[in-house]
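A.B. asks:
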Amino acid sequence: MRPQDILTPQPAGLCCKPGGFYIDPVRPVERAVITHGHSDHARAGHGAVLATQETLDMMRLRYGDNFARSTQAIAYGEEVRLGDVTVRFHPAGHVLGSAQIAVTCEATRVVASGDYKDAPDSTCVPFEVVPCDVFITEATFGLPVFRHGDATDQIKKLLSSVKLFPERAHLVGAYSLGKAQRVIALLRAAGFDAPIYLHGAMEKITSYYQSRGINLGELRPVKGMKKADLAGTITLAPPSATSDVWTRRFPDPVTAFASGWMRVRARARQGGIELPLVISDHADWDGLTATIKATAAGEIWVTHGEGDALVHWCKTQGLAARPLDLVGYGDEDSGEGDIQASSEGGEA
Amino acid sequence: MNRFAELLDRLAYEPGRNNKLRLITNYFRNVEDPDRGYALAALTGALSFKHAKAGLIRDLIAERTDPTLFALSYDYVGDLSETVALMWPKASTDRLRNNPPPPTLTDVVTTLRTLGKAELPRQLSRWLDDLDETGRWALLKLVTGALRIGISARLAKTAAAALGAKDAHDVELLWPGLTPPYLDLFAWLEGRGDKPVNRDPAPFRPVMLAHALEETDFANLNASDYSAEWKWDGIRVQAVSGRDTNGHIVTRLYSRSGEDITGSFPDLLPSLHLPGAIDGELLVVRDGRVQSFNVLQQRLNRKTVSPKLIKDFPIHLRAYDLLADGETDLRELTFAERRTRLEAFVKKLGDPKVDLSPAIAFDNWERLAAARHDPATAGAGEDAEAVEGVMLKRHDALYLPGRPKGQWWKWKRDPHIIDAVLMYAQRGHGKRSSYYSDYTFGVWTGTGGDAQLVPVGKAYFGFTDEELLQIDRFVRRNTTEKFGPVREVVHEPDQGLVLEVAFEGLQRSTRHKSGVAMRFPRINRLRWDKPPREADRLETLEQLLKGSVTPEPAESEAD
């Protein structure tokens, strides 16, 4: 069977006709297979949902118990048969529970990688290369200017700022699912052992991470704290909150933002960020290109992000490549939503 | 270089003045000579590297990257140095193995001082190999002379002064006699050496600037505390003459930022034959009449100043302040006292190329408002076209460098206003890259079925951040065609976005299809309420050009 008959882009999402399901559908469908818990990929209202236990748990946390008619948990490495295809989940290294989905029909294997990164992250299972015929990749940071570097250097930058401005509060914008917990884990790994404060919107998901055995040290809600007592502290908050009146409770806050977008100075300045931290849960340019090579796929489909450059690069490498133009995962507008997002959609 | 790069990186994002000061002072404290001195030089704009041009940087990156990927990246990032810094390929494994230390700021500055043009590309690429992203960015910004990180020279000097708990003013006064890497300055600031002496016979003195006056400010201002004069639409200069050790007169013209522009105006120098320092406006005066800024502009930024240029654009200095009279520093005197000294000084010069900026007589704000509205009948006469408003100066204001509060005010004339239709939008550069922030707008011409929009200008500021988001969203949702970074936006009689555009003046232009070009256009307001068909017509602008309509003041714009 031709790969384009196995997985086909449709308005509702990536459709697997021979398997009778959609991957990360943006509209309610009968059967959905979900890569990870971010709200632009995991939506409520589907019939049956197949995902990792963590992804299902996160959907339940966000949407309530009735987010789907029925659910089925699948572990990494586990295989299930759906219609004429088999589906196997592999770690994507993006956030806790995130998966790549390998769809095999006869001798052809297509891997839908969802969002992924090949950089170290102690809060989730590392990315695994899955050899395949067609690799479907995101391109959130699909330009050669995006090189995330070592996240520990960014944490050092944050900690030296805390030292230079002890009378100010440091407010770190980070997506509440994944990024926030990773930043906390990185701070702990760097030896920062003071309590870390949390915006209310992060508490639920962060304690879920802790319940899955991820050690994040002492965390406290920022709510109810006296302004003066927040001097010299670090608080994690959703990006949208860092430009909100909410920040008035902090003494002369230094606004940081942990995101791959922070590599581009204009992006940081547009968001009013004073301390950009280049920490991303997506593969950077080097990660995307290295992963594509490692899969040995002869054909690359590019879903969302800066697809033009990546498609061009694939062609220079002699790979067949095309953009899929899926909507709903952050088209061009996702970038700005990134900084102003009031929800967790379009996370980066 | 890395420590300097880190400093620049932090400064580029830090909006608070005091926090910037803390970052810079902290750097001066922790970094040794001569690195910190070269950093101070870089922050005050005292370094220049003539060979490193954008073209060279482009060539270097072109040798190393795919042109399509570079073009896409540059379009996204919007800044050449930054794009190159981010895209620069990782150094070869050989070089990584040797792990050469990254260059220090002193290495860079001293090497570039003597390096031949032919050697530059190789040296620069070696440095780029050895630095990280931030280091590369800082290096490229430094050598191309485009630091632009929102640090004034004044702020950098203040930070240096803070190192020794000295007043920034003291450093300013010494400054013209100092040279990088300022070992004597740092020695003094750290209490290890004597105070340096300024030996320049014609030094620049930091200029005093005015705040823009808002209507609401009048409630707190008393007319009897102020003098007023015309705000001339020329170039602010400081004309300084002094005697060198041989007793010869040395004359220099400085721009308001302290740049030496003497070479561009040799015809003015003989007129400045007495030691002193005049603060004034450079204008072109033909047959006793002040010419518009458009005329003056034709004399500026010329590589050579030909006799014809001098004859066709006779330069003139209109004096409004005197900072030094002979050897005497007047800046500690009040404005009223300095004005008396200025009048005497100009009289003593007795030169037709230098005259006094006349005072405007007024006893209350209404009188002044009337003068501002109609300078021609309020004393400016035929020069009224070169008046862009009025200046208010407190009688008792000392001459304070910078922009001290409540001392000097500028009250510009109301701008012209038209309603135009957004036609094209382009992604901005620098701070606004990835946002559609440059707007080409048009007005209607022709009637009935032939009615069409013709572009009349381009604006990229005037809107709030919130409005920028709104327009950006509108552009993305209403794109009819894409041309690279430019999008054509829907502009039909019933569909489109009307922009209220304010501008200062209009001139004929052969470069624009419409035949007119605006001066200083900006977006005044978004007219979501107005259908494009109700936007202005080209005839309105043409009449304005002929002078048959007076500019409509912004306040009385009917809605």
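Chains A and B, in that order, are what the protein sequence lines are.
With this note's numbering as the guide, the letters of the first sequence map in order to residues 20 to 367.
With this note's numbering as the guide, the letters of the second sequence map in order to residues -11 to 547.
Positions of the beta carbon are idealized from the N, C-alpha and C atoms, including for glycine.
Bear in mind that the values here come from a model prediction, so they are computed numbers and not experimental data.
Residues of chain B with CB under 7 angstroms from R371/A, in chain order?
C.D. replies: Because chain A is modelled from 20 through 367, residue 371/A falls outside the range shown and cannot be assessed.
A.B. asks: My assumption, with CB atoms under 8 angstroms, is that A111/A sits in contact with H55/A. Please give the rounded CB distance.
C.D. replies: About 7 angstroms separates the two Cβ atoms, so the contact holds.
A.B. asks: Just list the beta strand (DSSP E) runs in the stretch 1 to 34 of chain B, keeping only unbroken ones of 3 residues or longer that don't cross its boundaries, in chain order.
C.D. replies: With a minimum length of 3 residues, no continuous beta strand (DSSP E) run stays inside the stretch 1 to 34 of chain B.
A.B. asks: Taking all protein chains shown into account, do 16 or more other C-beta atoms lie within 10 angstroms of the C-beta of K296/B, making it buried, or fewer, making it exposed?
C.D. replies: K296/B should be labelled exposed.
A.B. asks: Could you give the first and the last residue of the continuous alpha helix (DSSP H) run that contains Y228/A?
C.D. replies: From DSSP, the alpha helix (DSSP H) with Y228/A extends over 219 to 230.
A.B. asks: I'd like to check one pair, D305/A with R166/A: are the Cβ atoms closer than 8 angstroms?
C.D. replies: Against a cut-off of 8 angstroms, the Cβ pair of D305/A and R166/A comes out as a contact.
A.B. asks: Which residue's Cα is closest to the Cα of A256/A: D137/A, G236/A, S278/A, D248/A?
C.D. replies: The shortest C-alpha separation from A256/A is found at S278/A.
A.B. asks: Which stretch, first to last residue, makes up the alpha helix (DSSP H) that contains C333/A?
C.D. replies: Counting along the chain, the alpha helix (DSSP H) containing C333/A begins and ends at 326 to 335.
A.B. asks: Beta-carbon within less than 6 angstroms of A67/A's beta-carbon, same chain only, minus the 5 sequence neighbours each way: which residues are those?
C.D. replies: So the list reads R50, S89, once near-sequence residues are dropped.
A.B. asks: Under a Cβ-count criterion, where at least 16 other Cβ atoms within 10 Å of its own Cβ denotes burial, should K335/B be classed as buried or exposed?
C.D. replies: Classification for K335/B: exposed.
A.B. asks: When Cβ atoms are compared, which residues of the stretch 94 to 108 of chain A fall closer than 8 angstroms to chain B?
C.D. replies: Here the close residues number zero.
A.B. asks: Just reading off the beta strand (DSSP E) that W552/B is part of, what are its end residues?
C.D. replies: Shown here, chain B extends from -11 to 547; a query on residue 552/B therefore has no answer.
A.B. asks: For D(-3)/B, is the classification buried or exposed, using 16 other Cβ atoms within 10 angstroms of its Cβ as the cut-off for buried?
C.D. replies: Burial call: buried.
A.B. asks: Grab me the residues of H65/A's own chain with a C-beta within less than 6 angstroms of its C-beta, minus the 5 sequence neighbours each way, in chain order.
C.D. replies: Around H65/A: P47, V48, A51, A87.
A.B. asks: Y423/B to L238/A, Cα distance in whole Å?
C.D. replies: Whole-angstrom Cα-Cα distance: 37 angstroms.
A.B. asks: Return the residue from the list P169/B, H304/B, K446/B that minimises the CA-CA distance to G222/B.
C.D. replies: Of the candidates P169/B, H304/B, K446/B, the one whose C-alpha sits nearest the C-alpha of G222/B is H304/B.
A.B. asks: Going by alpha carbons, who is nearest to R288/A out of R461/B, G138/B, R515/B?
C.D. replies: Cα-wise, what sits closest to R288/A is G138/B.
A.B. asks: At a Cβ threshold of 8 angstroms, is V444/B touching chain A?
C.D. replies: No, no contact with chain A.
A.B. asks: What is the residue span of the beta strand (DSSP E) that K381/B lies within?
C.D. replies: Note, K381/B: beta strand (DSSP E), 375 to 382.
A.B. asks: So with CB distances below 9 angstroms, who are the chain B contacts of Q336/A?
C.D. replies: The premise fails here: Q336/A is roughly 11 angstroms from chain B at the closest Cβ pair, so nothing lies under 9 angstroms.
A.B. asks: Within 8 angstroms (strictly less), CB to CB, does W265/A reach chain B?
C.D. replies: No, W265/A does not count as interfacial toward chain B.
A.B. asks: Between the stretch 32 to 56 of chain B and chain A, which residues of the former have CB atoms less than 9 angstroms from a CB of the latter, in chain order?
C.D. replies: If the cut-off is 9 angstroms between Cβ atoms, the stretch 32 to 56 of chain B has T53, D54, T56 near chain A.
A.B. asks: Please state whether DSSP places N208/B in a helix, a strand or coil.
C.D. replies: N208/B falls in the helix class under three-state DSSP.
A.B. asks: Looking only at its own chain, which residues have a Cβ that is under 7 angstroms from the Cβ of W558/B, when we skip the five neighbours before and after it?
C.D. replies: Shown here, chain B extends from -11 to 547; a query on residue 558/B therefore has no answer.
A.B. asks: Taking only three categories from DSSP, how would you classify A324/B?
C.D. replies: If DSSP states are grouped into helix, strand and coil, A324/B belongs with the helices.
A.B. asks: May I ask which residues mark the beginning and end of the alpha helix (DSSP H) holding A175/B?
C.D. replies: From DSSP, the alpha helix (DSSP H) with A175/B extends over 171 to 177.
A.B. asks: Which residues bound the beta strand (DSSP E) around W396/B?
C.D. replies: Here the beta strand (DSSP E) through W396/B covers 396 to 400.
A.B. asks: For S61/B versus K129/B, is the C-beta spacing smaller than 8 angstroms?
C.D. replies: Cβ atoms of S61/B and K129/B: not closer than 8 angstroms.
A.B. asks: Along chain B, which residues have their Cβ under 8 angstroms away from the Cβ of R341/A?
C.D. replies: Under the 8 angstroms cutoff, chain B gives no residues; its nearest Cβ is about 16 angstroms from R341/A.
A.B. asks: Alpha carbon to alpha carbon, how far is L166/B from L28/B? Give it in angstroms, no decimals.
C.D. replies: Approximately 11 angstroms, taken between the alpha carbons.
A.B. asks: Enumerate in chain order the residues of its own chain whose CB-to-CB distance from L533/B is below 7 angstroms, with the five nearest sequence positions on each side excluded.
C.D. replies: Cβ within range, chain order: L494, R496, V504.
A.B. asks: Ignoring anything shorter than 4 residues or poking outside the stretch 252 to 333 of chain A, list the alpha helix (DSSP H) runs there in chain order.
C.D. replies: Counting whole runs of 4 or more residues, the stretch 252 to 333 of chain A contains the alpha helix (DSSP H) stretches 284 to 289, 304 to 314.
A.B. asks: Does the beta-carbon distance from A265/B to F323/B come in below 8 angstroms?
C.D. replies: Cβ atoms of A265/B and F323/B: not closer than 8 angstroms.
A.B. asks: For V185/B, which three-state DSSP category applies?
C.D. replies: It is coil, neither helix nor strand.
A.B. asks: Between which two residues does the alpha helix (DSSP H) harbouring H361/B extend?
C.D. replies: First-last of the alpha helix (DSSP H) with H361/B: 353 to 361.
A.B. asks: Report the three-state DSSP secondary structure of H157/B (helix, strand or coil).
C.D. replies: Reduced to three states, the DSSP call for H157/B is helix.
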